[in-house]
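The sequence shown maps to residues 520 to 977 in the numbering used here.
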Amino acid sequence: MATSSTSSTNNVSMKSSDKADSKELTEDEHKESTVSLDESQNPVRPADCAFGWIPTLAVMVNYMFIFGASNSYGVFSTYYLNIKFPNTPATTLSWIGTLITTLMLGCNIVTGALADRLGYRLTAYIGTVLCTAAYILASFSNQVWQLILTQGVLFGIGASFLLAPSISIPPQWFEKHKGLASGIAVAGSSFGGLWFTAATQAIIDNLGDKWALRILGILTFAVTSVMNLMYFRRVPPKPRKHLFEFGAAKRLTFWLISLETFTMYTGYWALTFYVGTTARLFGGSIQDGSNLLLVLNAGSAVGRILAGVVADRFGNINTLLVSLILTVVIEMPLWMKATSIAPLYVLCALYGMVSPTFISVNPVIVATQFDPSMLASVMGMANLFSGIGVLTGNLSQGAIFDKYDKRKQFTNTIIFSGMFILFASLVTFAMRTHVVRRTNRGAGGAKLTLKEYFLQKV
520 MATSSTSSTN
530 NVSMKSSDKA
540 DSKELTEDEH
550 KESTVSLDES
560 QNPVRPADCA
570 FGWIPTLAVM
580 VNYMFIFGAS
590 NSYGVFSTYY
600 LNIKFPNTPA
610 TTLSWIGTLI
620 TTLMLGCNIV
630 TGALADRLGY
640 RLTAYIGTVL
650 CTAAYILASF
660 SNQVWQLILT
670 QGVLFGIGAS
680 FLLAPSISIP
690 PQWFEKHKGL
700 ASGIAVAGSS
710 FGGLWFTAAT
720 QAIIDNLGDK
730 WALRILGILT
740 FAVTSVMNLM
750 YFRRVPPKPR
760 KHLFEFGAAK
770 RLTFWLISLE
780 TFTMYTGYWA
790 LTFYVGTTAR
800 LFGGSIQDGS
810 NLLLVLNAGS
820 AVGRILAGVV
830 ADRFGNINTL
840 LVSLILTVVI
850 EMPLWMKATS
860 IAPLYVLCAL
870 YGMVSPTFIS
880 VNPVIVATQF
890 DPSMLASVMG
900 MANLFSGIGV
910 LTGNLSQGAI
920 FDKYDKRKQF
930 TNTIIFSGMF
940 ILFASLVTFA
950 MRTHVVRRTN
960 RGAGGAKLTL
970 KEYFLQKV
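Take a look at the structure:
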């Protein structure tokens, strides 16, 4: 009887334990399946797992709205310059598009640090609200200064809140396919430029520029609000005493990356902002300018994904260096020698495929050279120089177009753009040399021969 009683007690105990384990498992599963702004409760998953494509694709969709505004601003620029404000200097109007990208990148030094501290989702939702407000307020603006404050300043700050976590997600989730994941995510900006450009032009033609701004604002709020829920981070943030990662500034690699992005962004946007006006000088219509931007963004979408594949195969810095040299070779002769609209289509297709490689590859270089858990902060610090480059480049190009090209040609504007991109390639070459030497010293290797140096995958 005693034995039977003991056995019965054990059975009850085991059943009780099984129920407790089942309850605990259910709670854990529920916790993993619940999307919350508290990212500390997210389960840690391995790199290269299939789940990583969920946040990566969410980033791709959000990039459509983050960069779609700047990539398609050429439509608004052409409309403002030729129809709405024909007597306003190009330098003044260029402030709108300039401030979108300048603040989107420049404010990253703060929003990147906030993303690591507040969490990716909360930071992204702040961006969603600000971008939506910017579009709606801009739709009620009738003066250039009002558009500068709304479509330029407010949207740029909001886009920075969305960009900070977006940059950091794809490189966190992958090791073998960092470049491909980053390329696919960043390609969203080109896909966004495609339909943003077409949609903006169509709405302006049929409903006017004010309704174009309102509709884009509504779409931005609806889509990014859903995508933000899928902003999962794989690497949990480390405890921090300071808001900024000043330790990164002690490394030469950081300053070379920052100088490369500064010089590249100084020259990069010239074609995007002025190809529509170039078409008008050749007797084309506003629709021709819009079509050229579509080709530019289509080429960019393909190029950014291919850049990721090539970078995984041959190295990120190697891919970046070759793409910068090719950008100069493509831009300067094709744009300077163009005398009709047809060559501009070839220029936009090739420039779009090659030039944006740095946007795909730079976050991967940072993720490779620095701690991935601090990626948003380090990229934010580097992007401060990107923002300064955009501000310097776009305002200088507007002044050059007004004063030296007399709004009748683009020779001096093209030279300015090409020389800064060429300088970016020289900085990238210096960065490659530094990384190869540091890596070789760290591995305790012998001095590399010239052939071994050029064959290094970095």
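Glycine is no exception: its CB is placed at the ideal position from the N, C-alpha and C atoms.
- Query: Who are the Cβ neighbours of residue 639 in its own chain at under 6 Å, not counting the five residues just before and after it?
  - Reply: Around residue 639: 684, 750 and 752.
>> Quick check on residue 974: does DSSP put it in helix, strand or coil?
In response: Of the three classes helix, strand and coil, the one that applies to residue 974 here is coil, per DSSP.
Three-state class that DSSP yields for residue 750 in the structure shown | Reduced to three states, the DSSP call for residue 750 is coil.
- Query: What three-state label does DSSP hand residue 661 in the structure shown?
  - Reply: Coil, per DSSP.
Tell me the DSSP secondary structure of residue 953 in three-state form. Of the three classes helix, strand and coil, the one that applies to residue 953 here is helix, per DSSP.
Practice problem: Pick helix, strand or coil for residue 888, following the three-state DSSP scheme. | Solution: The answer is helix: DSSP assigns residue 888 an H, G or I state.
*Who are the near neighbours of residue 646 in its chain, counting only those whose CB is closer than 6 Å to its CB and skipping five residues on each side?*
Same-chain partners within the cutoff: 677, 680 and 681.
Alpha carbon to alpha carbon, how far is residue 972 from residue 845?
One C-alpha to the other measures close to 21 Å.
| request: Would you identify the three-state DSSP class for residue 727, choosing helix, strand or coil? | output: Assignment of residue 727 by DSSP, reduced to helix, strand and coil, places it in the coil class.
### residue 766 and residue 582 closer than 9 Å at C-beta
The beta carbons of residue 766 and residue 582 sit no closer together than 9 Å.
Return helix, strand or coil for residue 542, following the three-state DSSP convention.
-> The predicted position of residue 542 is uncertain, since its pLDDT is 44 and thus under 50; a value taken from the coordinates is nonetheless stated next. In this structure, residue 542 counts as helix in the three-state DSSP scheme.
Subject >> Proximity below 9 Å, CB of residue 656 to CB of residue 599 >> reply: Note that the C-beta distance between residue 656 and residue 599 is not below 9 Å.
- request: State the Cα-Cα distance for the pair residue 920 and residue 686, rounded to the nearest angstrom.
  value: Between residue 920 and residue 686, the C-alpha separation is close to 33 Å.
Counting only beta-carbon separations shorter than 9 Å, does residue 947 have a partner in chain D?
The chain labelled as chain D is not found in the depicted structure, where only one protein chain is given.
Do the region 719–733 and the region 860–877 meet, that is, are 3 or more Cβ pairs less than 8 Å apart? Contact between the region 719–733 and the region 860–877 is absent, because fewer than three Cβ pairs lie under 8 Å.
- Query: Roughly how many whole angstroms lie between the Cα atoms of residue 868 and residue 786?
  - Reply: Spanning the two alpha carbons is a distance of roughly 18 Å.
| request: With a 10 Å radius around its C-beta and 16 neighbouring C-beta atoms as the bar for buried, classify residue 699 as buried or exposed. | output: Per the 10 Å Cβ criterion, buried.
Alpha helix (DSSP H) containing residue 672: first to last residue? Membership of residue 672 in any alpha helix (DSSP H) is not indicated, and neither H nor E is assigned to it by DSSP.
Fill in: Start-end ranges of the alpha helix (DSSP H) lying completely within the region 748–824, minimum 4 residues
Here the runs fully enclosed are 771–787 and 789–800.
Is it buried or exposed, residue 802, if we count other Cβ atoms within 10 angstroms and call 16 or more buried?
Flag for residue 802 reads exposed.
What does the Cβ neighbour count give for residue 508, buried or exposed, with the cut at 16 atoms within 10 Å? Residue 508 lies beyond the residue range present for the chain, which begins at 520 and ends at 977; the question has no answer from this structure.
* Asked: What is the DSSP secondary structure of residue 857, reduced to helix, strand or coil?
  -> Of the three classes helix, strand and coil, the one that applies to residue 857 here is coil, per DSSP.
| task | Measuring alpha carbon to alpha carbon, tell me which of 829, 792 and 809 ends up nearest residue 695. | result | Ranked by Cα distance from residue 695, the first of 829, 792 and 809 is 829.
Worksheet item: Around the Cβ of residue 800, are there at least 16 other Cβ atoms within 10 angstroms (buried) or fewer (exposed)?
Response: It counts as exposed.
Report the residue from 711, 916 and 783 whose alpha carbon sits nearest the alpha carbon of residue 815.
-> Closest option to residue 815, Cα to Cα, is 711.
Beta-carbon proximity list for residue 923, same chain, < 7 Å, skipping 5 on both sides: The residues are 931.
Determine, using beta carbons only, whether residue 746 and residue 877 come nearer to each other than 9 Å. Not in contact: residue 746 and residue 877 (Cβ atoms no closer than 9 Å).
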